[in-house]
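Residue numbers (this note's numbering): 1 to 293.
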């Protein structure tokens, strides 16, 4: 058994949200999971994860949001333990601090992103020097969405989320992100999805061929979970309708909800629309770019 013996310094990084530009959901398999296909972009809308050395055998997670559980079910805790086990570290030690900005239950992948960022930072703190491919094998064991946060800004994800193909495409538009105070439980949304008629088979091909993705591609974007989420949360359905009227363009949902978004190519127009939505809908609205843009 090894001991963690890496760089005894503090490591910190932004932990980006994701948005699903497309999301196709297939019928549930015998193992209980739904195969998906999704074009995903990472956003410059981030939590922050900071990792510090700790006494031998002490693995601690703290968070500035009291609503975030920090026990064994937390994906960050799971990521740290799985990495320690995979690296044969006898007494893993770290103090992991999470500063939250990404809301929970929004379909933006905040918990999965935090777990992926934790893997990256512990890889440094513990002096492992593992490749992204090797870290991704651990990430698959932590959660379905975790591997994509180890990859590029725009990716095509399939299977349960474990198959991640980095794309050269750029998300050039500003993302107007609508953040309702609605917690959408992923499992509940999928259960409702199973009871609804199967969605039409939408195609990703048009978007996968694009080198630059912007507001002109909004009509090609879709999310098969929207009907289920709207059925479970009628206020979200009404919010979506009002947001589309204000935006005069398609508005989509990310993941299993509840976050909604649209794309605007020009920064001034994006901020104007966000201000109008925040005022009219009385809701939190952010204007963000693709991660690292």
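Glycine residues also receive a C-beta, built at the ideal position from the N, C-alpha and C atoms. This structure is a prediction, so every number in the text was calculated from the model and none was measured.
Self-check item: Completely contained beta strand (DSSP E) runs for the stretch 91-174, where each covers 3 or more residues
Solution: Runs found: 94-99, 154-159 and 163-166.
Practice problem: Compute the distance between the beta-carbons of residue 167 and residue 157, then report whether it is under 8 Å. | Solution: No. Outside cutoff.
Quiz item: Do residue 105 and residue 258 have their CB atoms nearer than 8 Å?
Solution: For residue 105 and residue 258, yes; Cβs fall inside 8 Å.
Exercise. Would you check if there are 3 or more beta carbon pairs closer than 8 Å linking the stretch 82-90 to the stretch 26-46?
Key: no
Practice problem: Just tell me which of 125, 256 and 248 has its CA closest to the CA of residue 236. | Solution: 256
Practice problem: Leaving aside the five residues before and after residue 242 along the sequence, list all residues of the same chain whose C-beta is less than 8 Å from its C-beta, in chain order. | Solution: Answer for residue 242: 280 and 281, listed in chain order.
Quiz prompt | Length-filtered (3 minimum) beta strand (DSSP E) runs lying within the stretch 19-84 | solution = 36-52 and 59-63
Quiz item: Mapping DSSP to helix, strand and coil, what is residue 252?
Solution: If DSSP states are grouped into helix, strand and coil, residue 252 belongs with the strands.
Practice problem: Alpha carbon to alpha carbon, how far is residue 187 from residue 108? Give it in angstroms, no decimals. | Solution: 15 Å
Quiz item: Thinking C-alpha only, which one of 103, 97 and 155 is nearest residue 179?
Solution: Comparing Cα-Cα distances from residue 179 to each of 103, 97 and 155, the minimum goes to 103.
Practice problem: Assign residue 234 to buried or exposed, taking buried as 16 or more other Cβ atoms, counted over all protein chains shown, within 10 Å of its Cβ. | Solution: exposed
Quiz item: Hey, how far is the Cα of residue 229 from the Cα of residue 184?
Solution: 7 Å
Practice problem: Determine the closest residue to residue 52 out of 61, 172, 26 and 262, with distance taken between C-alpha atoms. | Solution: Checking every option, the nearest Cα to that of residue 52 belongs to 61.
Self-check item: Backbone secondary structure at residue 186 - three-state DSSP
Solution: Look at residue 186 here: in three-state DSSP terms it is helix.
Exercise. Within 10 angstroms of the Cβ of residue 285, are there 16 or more other Cβ atoms? Answer buried if so, exposed if not.
Key: Buried, by the Cβ-count rule.
Exercise. Since I believe residue 245 is in contact with residue 213 (beta carbons under 8 Å), could you give me their beta-carbon distance rounded to a whole number of angstroms?
Key: In this structure residue 213 does not touch residue 245 by the C-beta definition: roughly 24 Å separates them, more than the 8 Å allowed.
Quiz item: Distance, Cα to Cα, residue 1 vs residue 84?
Solution: Because residue 1 carries a pLDDT of 46, less than 50, the predicted location of this residue cannot be relied on, and the following value inherits that uncertainty. Roughly 10 Å separates the two Cα atoms.
Quiz item: Would DSSP call residue 16 helix, strand or coil?
Solution: In the structure shown, the three-state DSSP call for residue 16 is strand.
Quiz prompt | Other residues of its chain near residue 219: CB distance less than 7 Å, five sequence neighbours each side excluded | solution = 250
Exercise. Whole angstroms is fine: what's the gap from residue 95's alpha carbon to residue 151's?
Key: 25 Å
Quiz item: Do you know offhand how far residue 264's Cα is from residue 64's?
Solution: 32 Å
Quiz item: Would a check of beta-carbon distances place residue 67 closer than 8 Å to chain B?
Solution: Here chain B cannot be found, since the structure has a single protein chain.
Quiz prompt | CA-to-CA distance, residue 101 to residue 66, given in whole angstroms | solution = 13 Å
Exercise. Express the C-alpha separation of residue 97 and residue 48 in angstroms, rounding to a whole number.
Key: 8 Å
Quiz item: Considering only the beta carbon of each residue, do residue 260 and residue 25 sit closer than 8 Å?
Solution: no
Practice problem: Go ahead and label residue 129 buried or exposed: buried means 16 or more other beta carbons lie within 10 angstroms of its beta carbon, across all protein chains shown. | Solution: exposed
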